[in-house]
Structures are given as C-alpha cells and as structure tokens.
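Down below is the structure, laid out as structure tokens.
Right, dumping it as structure tokens:
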C-alpha cells in the first residue's frame, strides 16, 4: 500500500471506531474502503472483523461508568454474543455469502423500525401490564430476549454490518434501562462477537495483517471518542442517529 492508502485505512479505522460506539454501523464505513484498496471480499471481511476489535475495547473504556451499573447483565450479554459469534464465523466460512447478504438489509430495516418505535412499545406494554406503570423494571434478559441476543451475535460473527443497530433494538425492547446503558452493552457485545469470530478467522482464514494493524490503531481511538460522544447525546437524538445509520446501512447493502 502507498502512503495515501495507509492514511485512508487509518482514517477508516478511526471513523469506524466512532460509528461502532455511537450508532453501531462501523463495518459499513471500513468494509467498502478495504475493498477499495484491493482486498478480496472474504479477506476484507475477515480482516475488518479482526481490525475493529480494538474499537470495542476503546468503546468499553469510554462506557466504563455505564457498564459498572449493569455488570452482571454485561457479563451475560458478552458470554452469549461471544459464543454466538463463533457460530457466525463458521457460517461465513461454510455458507454462500448470498444467504445473509440477501436478508441483512431487511433485518436492519426491521430493527431500525423497532428502535424508532421502542418508546411507544414500552408505554403500550406498561399499559397492558396488570400493575400498569408500577410494574417491576425489566433488568434481566428474558428467554425471548436471550434468543434474539444470540441471533444478533451470530449475525455479528458472520458479517456484522448493522449488528450494533440490531442489538440496540433487541435490548431496548427487552429491557427497561437507559438508552446510554444499552449503547454500552451494544458496544461490548459487538466486541465480544468480533473477538471470538476473529479468533476463528486467525486460525482458518486469510487475513491481511498490515491492514489489521492500521485499522486497530485508528479504531481504538475512534471507539473511545464515539463512546464519549454518545454518552452526551440526548436519548432522542441518539435514537434518531441509530435509525438513520441503519437506513443508510440497508441501502448500502442493497446497492
């Protein structure tokens, strides 16, 4: 790679790190750039997954105060998505890419809709509950929410574009906790999925390690910056950003 391509990949890592910790669509910035600098699609995907692991680490540091508030929940989400990520990695290596590429835009659009209407759904559920507004807050994963967390982790290990948006939707519908904390859990879960999938790719897939190093350097700083930005955004603005990013993600995957 020349100097211009090196700078481009570094910038892609930094930008993807910011997006990973804020609105959850990091791969939609970095993956096309890796294709543009000449990596084959599968190599670009595996390299991108490994290179963006530090973005999650930076995001976790940036969200450390939120994660302390839900430590037990965070551990459970990390374990579930980590295991699920290994399944997704196996699917990437064993199935035609067209399978998930076809369904991914529809999944992302559906989860964007859920993120957008989640406050109304929560109010509706509260009204339908026998105890109304005084029902106990949902601070643990229900069996149904657990299933969708695992499915999102599988998708994250397979391709990952929009997985952060999906995870926000799943957790926002299934839990009664602040959206910023959900953002922290999302960032941590995506990192867990990437770590396990990346470990699989290191053993059995082709990876461009020079590009990994560049992405890693940029993304760890971007992940931290993105988390600090998201922590200060009003919840409606953050929700709108997630929805907008998800719509862009779906359109990008269609084109």
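In our numbering, the protein residues as written are 53 to 307. All residues carry an ideal CB built from backbone N, CA and C; glycine is no exception.
Three-state secondary structure (DSSP) of residue 54: The residue you call residue 54 lines up with position 2 of the chain shown. DSSP, read as helix, strand or coil, puts residue 54 in coil.
Whether residue 208 touches residue 63 by CB criterion (8 Å): Looking up residue 208 in the chain shown gives position 156. Looking up residue 63 in the chain shown gives position 11. At the C-beta level, residue 208 and residue 63 stay beyond 8 Å of one another.
Buried or exposed by the 16-neighbour rule on C-beta atoms within 10 Å, applied to residue 118: Within the chain shown, numbered from 1, the residue matching residue 118 stands at position 66. In this structure residue 118 is buried. Its beta-carbon is surrounded by 16 or more other beta-carbon atoms within 10 angstroms.
Beta-carbon proximity check, residue 278 vs residue 70, cutoff 8 Å: Start at 1 with the first residue of the chain shown, and residue 278 comes out as number 226. Start at 1 with the first residue of the chain shown, and residue 70 comes out as number 18. Going by C-beta atoms, residue 278 is nearer than 8 Å to residue 70.
Where residue 103 falls, given that 16 or more other Cβ within 10 Å makes a residue buried: The residue you call residue 103 lines up with position 51 of the chain shown. Of the other Cβ atoms in all chains shown, 16 or more fall within 10 Å of the Cβ of residue 103; this residue is therefore buried.
Rounded C-alpha distance that separates residue 255 from residue 286: On the chain shown, residue 255 is found 203 positions in, with the first residue counted as 1. On the chain shown, residue 286 is found 234 positions in, with the first residue counted as 1. Straight-line Cα distance between these residues: approximately 42 Å.
Test item: CB-CB of residue 73 and residue 114 under 8 Å: Walking along the chain shown from the start, residue 73 turns up at place 21. Walking along the chain shown from the start, residue 114 turns up at place 62. Going by C-beta atoms, residue 73 is nearer than 8 Å to residue 114.
First and last residue of the uninterrupted alpha helix (DSSP H) at residue 109: What you label residue 109 is simply residue 57 of the chain shown in a count that begins at 1. From DSSP, the alpha helix (DSSP H) with residue 109 extends over 105-114.
Nearest residue (CA-CA) to residue 91, options 295, 281, 300, 263: Translated into positions along the chain shown, residue 91 becomes position 39. Among 295, 281, 300, 263, the Cα nearest to that of residue 91 is on 263.
C-beta atoms of residue 161 and residue 302 nearer than 8 Å: If you number the chain shown from 1, residue 161 lands on position 109. If you number the chain shown from 1, residue 302 lands on position 250. In this structure, the beta-carbon distance from residue 161 to residue 302 falls below 8 Å.
Residue 227 (DSSP reduced to helix, strand or coil): Mapped onto the chain shown, residue 227 falls at position 175. In this structure, residue 227 counts as coil in the three-state DSSP scheme.
Limits of the unbroken alpha helix (DSSP H) element including residue 272: For the purposes of this step, residue 272 is taken as the residue at position 220 of the chain shown. Bounds of the alpha helix (DSSP H) holding residue 272 are 261-284.
Under 8 Å between C-beta atoms of residue 283 and residue 232: Here residue 283 is taken as the residue at index 231 of the chain shown, counted from 1. Here residue 232 is taken as the residue at index 180 of the chain shown, counted from 1. Their beta carbons are under 8 Å apart, which means residue 283 touches residue 232 by this criterion.
Beta-carbon separation (whole angstroms), residue 83 vs residue 274, contact threshold 8 Å: In the chain shown, residue 83 corresponds to position 31, counting from 1. In the chain shown, residue 274 corresponds to position 222, counting from 1. The beta-carbon distance between residue 83 and residue 274, rounded to whole angstroms, is 15 Å. This is too long to meet the 8 Å contact definition.
Nearest-angstrom Cβ-Cβ length linking residue 26 and residue 201, presumed shorter than 8 Å: Residue 26 lies beyond the residue range present for the chain, which begins at 53 and ends at 307; the question has no answer from this structure.
Distance, residue 289 Cα to residue 99 Cα: Against the chain shown, residue 99 aligns to sequence position 47. Against the chain shown, residue 289 aligns to sequence position 237. Cα to Cα, the separation comes out at about 32 Å.
Under the three-state DSSP convention, the category residue 208 falls into: Translated into positions along the chain shown, residue 208 becomes position 156. Assignment of residue 208 by DSSP, reduced to helix, strand and coil, places it in the helix class.
With 16 other Cβ atoms within 10 Å as the buried cut-off, status of residue 157: Residue numbering aside, residue 157 sits at position 105 when the chain shown is read from its first letter. Looking at its Cβ environment, which holds 16 or more other Cβ atoms inside 10 Å, residue 157 is buried.
Supposed close pair residue 226, residue 194 - CB separation, criterion 8 Å: As a position in the chain shown, residue 226 is number 174, starting the count at 1. As a position in the chain shown, residue 194 is number 142, starting the count at 1. Residue 226 to residue 194, Cβ: 6 Å. Contact.
For residue 141 and residue 250, the rounded distance between their alpha carbons: Here residue 250 is taken as the residue at index 198 of the chain shown, counted from 1. Here residue 141 is taken as the residue at index 89 of the chain shown, counted from 1. Taking the straight line joining both Cα atoms gives about 8 Å.
The alpha helix (DSSP H) enclosing residue 79, as first and last residue numbers: Numbered from 1 along the chain shown, position 27 holds the residue referred to as residue 79. Where residue 79 is concerned, the enclosing alpha helix (DSSP H) stretches over 79-88.
Limits of the alpha helix (DSSP H) - the one that residue 123 falls within: Taking the first residue of the chain shown as position 1, residue 123 is located at position 71. Here the alpha helix (DSSP H) through residue 123 covers 123-146.
Rounded straight-line distance, which links the Cα of residue 281 to that of residue 126: In the chain shown, residue 126 corresponds to position 74, counting from 1. In the chain shown, residue 281 corresponds to position 229, counting from 1. The straight-line gap from Cα to Cα measures roughly 21 Å.
Chain B within 8 Å of residue 99, Cβ atoms only: Looking at the structure shown, chain B is missing, and only one protein chain is on hand.
Own chain residues within Cβ distance below 8 Å of residue 293, not counting five before or after: For this step, residue 293 is matched to residue 241 along the chain shown. Here residue 293 has 74, 75, 285 as same chain residues with Cβ atoms under 8 Å from its own Cβ, once five neighbours each way along the sequence are excluded.
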